[in-house]
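Quick note: the sequence shown, position 317, residue 322 per this note's numbering, numbers continuous.
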Amino acid sequence: MTLDLRERPRRNRKSAAIRSACRETHLGPEHFIYPLFVHGGDDDIPITSMPGCRRLSVRGLMTELEEAVDAGVGMVALFPKIPDDLKDSVGTESHNPKGLIPDVLKRVKDRWPELMLVTDVALDPYSSDGHDGIVAPDGRILNDETVEVLCKQALAQAEAGADIIAPSDMMDGRVGAIRDALDDGGFTGVSILAYTAKYASAFYGPFREALDSAPRGGDKKTYQMDPANVREALREAGLDEDEGADMLMVKPAMAYLDVVSALRDASTLPIAAYQVSGEYAMFKAAAERGWLDERAVVLEMLTSIRRAGADIILSYYAKDASRWIAGS
Ligand code: PBG
């Protein structure tokens with residue numbers, strides 16, 4: 006039988022050539038920021054809940070970057086694992102100009118001047134309380150006092166060669182304060198990628214294991230956003246834009262694609278989405294059991310993050326996905 010159909014959408018899917026000609030969303034290495042963990046030790050230490058990811062020694066980091074750059078990755082984000090004896094209640098080590106991150110930034114910049122270096126601004130890796138901000142004796146997270154330290158941290162990073170400063174702390178007013186500090190310090194060319202809509206998510210668990218940065222008490226709900234909210238994300242986006250952010254981020258990605266899409270519609274700035282540690286861990290766990298085809302589901306997921314409206318994706322799969330896309 007022949008159905009009386011004028012429209013047959015399948016005609017646009019009938020060959021690989023037509024499908025690629027009609028493809029609406031593209032995914033390539035140019036879209037990725039590759040987050041990497043670094044520590045001061047001599048060995049690369051596997052992270053149990055993130056198979057394939059390690060706390061890298063400086064030497065290990067160089068090797069990993071070599072491979073990533075080779076795969077086409079042009080932007081990396083660096084996260085430090087700091088020993089407990091360097092942590093204190095006000096995160097002093099976060100702005101030590103001779104600290105791990107400034108040291109690593111200089112070495113990497115020296116070797117790959119074109120590679121864009123993204124640094125996280127927040128106190129949690131440096132805080133004996135494991136919070137992104139300074140904790141008062143009564144348990145409150147102090148906003149303005151924290152922002153003062155974050156500005157010093159951002160400056161130390163910029164001085165050492167960071168190209169993009171990414172405040173992930175969710176304190177109010179930090180984007181504007183950091184912009185002013187950078188400009189006053191002569192770093193008008195350093196960008197700010199604001200963690201605009203960072204949710205109080207259970208998907209960060211493996212990352213906190215990686216950095217040993219879990220809160221020692223309480224949770225992060227008084228500064229990170231309620232997963233139930235999207236209008237609030239638009240409010241944060243408006244503020245970050247007014248305060249001088251160059252790019253806006255939504256985090257996590259998979260469970261928040263509607264937020265990515267809402268920000269895409271509401272702003273002319275580039276939008277980034279962070280496929281976080283818990284998302285990575287889920288793909289790895291299912292793939293290890295043979296329950297999912299890792300390569301196929303990861304590329305599908307990354308494509309869907311782009312389709313939702315993200316220009317940029319932070320992903321622990323950045324290197325592998327770049328290779329997969331290139332067909333190797
Ligand atoms: C710290 C920070 C976190 C992540 C990025 N920066 C953890 C947190 O807020 O507790 C999470 C990244 C991931 O889970 O992959 N400010």
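All C-beta atoms in this analysis are idealised placements derived from N, C-alpha and C, irrespective of residue type, glycine included.
Going by DSSP in three states, Ile38 sits in which element: helix, strand or coil? strand
Per DSSP, what kind of secondary structure is Val195 in: helix, strand or coil? coil
Decide if Ala301 is buried, meaning its Cβ has at least 16 other Cβ atoms within 10 Å, or exposed. exposed
Would you mind working out which of Asp48, Ala165, Gln229 sits nearest Val109, comparing C-alpha positions? Ala165
Determine the extent of the alpha helix (DSSP H) in which Val180 is found, giving its start and end residues. 179-189
Three-state secondary structure (DSSP) at Lys114? Helix.
Take every Cβ of the region 27-42, pair it with every Cβ of the region 313-330, and state whether three or more of those distances are shorter than 8 Å. yes
Gly138 vs Met80 beta-carbon contact at 8 Å: no
Smallest Cα separation from Ala207: which of Met287, Ala291, Val195? Of the listed residues, the one whose Cα sits closest to Ala207 is Met287.
With distances taken between CB atoms, is the gap from Val123 to Ala159 smaller than 8 Å? no
Mind checking which residues open and close the alpha helix (DSSP H) that includes Ser320? In the DSSP annotation of this structure, Ser320 is not part of any alpha helix (DSSP H); the continuous beta strand (DSSP E) holding it starts and ends at 317-320.
N-terminal and C-terminal residue of the beta strand (DSSP E) that Tyr279 is part of: 276-280
Please return the same chain residues whose Cβ sits closer than 8 Å to the Cβ of Met230, not counting the five positions on each side in sequence. Met175, Ala202, Lys203, Tyr204, Ala205, Glu237, Ala238, Glu241
Can you tell me whether Asp75 is buried or exposed, with buried defined as 16 or more other CB within 10 angstroms of its CB? exposed
Going by DSSP, which residues form a beta bridge with Ala82? Checking the DSSP bridge columns, you'll see Ala82 partnered with Pro40, Val123.
Helix, strand or coil, according to DSSP, for Asp93 in the structure here? strand
Tyr279 and Leu319 look like a contact to me (Cβ under 8 Å); what is the Cβ gap, rounded to whole Å? 4 Å
Applying the criterion that 16 or more other CB atoms from any shown protein chain within 10 Å of the CB defines a buried residue, is Ala141 buried or exposed? Label assigned to Ala141: exposed.
Roughly how many angstroms lie between the CA atoms of Leu253 and Thr7, to the nearest whole one? When only Cα atoms are considered, Leu253 and Thr7 end up about 51 Å apart.
Where Ala73 and Leu120 are concerned, what is the direct C-alpha to C-alpha distance, given to the nearest angstrom? 10 Å
Selected residue, minimal CA-CA separation from Asp149, among Gly181, Ala167, Pro118: Gly181
Per the DSSP calculation, Lys256 is bridged to which residue(s)? Lys203
Own chain partners of Asp251 with C-beta closer than 6 Å, once the 5 adjacent residues on each side are dropped: Ser196, Ile197
Should Val281 be listed as close to the ligand PBG, given that the test is whether its C-beta is under 7 Å from any heavy atom? yes
To the nearest angstrom, how far is it from the Cα of Pro102 to the Cα of Ala233? Going from the Cα of Pro102 to the Cα of Ala233 covers about 39 Å.
Beta bridge counterpart(s) of Met55 as assigned by DSSP: Paired residue(s): none; Met55 is not in a bridge.
With H, G and I counted as helix, E and B as strand and the rest as coil, what does DSSP make of Arg60? strand
Do the region 181-190 and the region 256-267 touch if we need at least three Cβ pairs shorter than 8 Å? No, because fewer than three Cβ pairs between the region 181-190 and the region 256-267 fall closer than 8 Å, the two stretches do not touch.
Tell me which same chain residues have a C-beta within less than 8 Å of the C-beta of Pro211, skipping the five on either side of it? Residues Ile52, Ser54, Met55, Ser282, Gly283, Tyr285, Ala286 of the same chain have their beta carbon placed closer than 8 Å to that of Pro211, with the five preceding and five following residues left out of the count.
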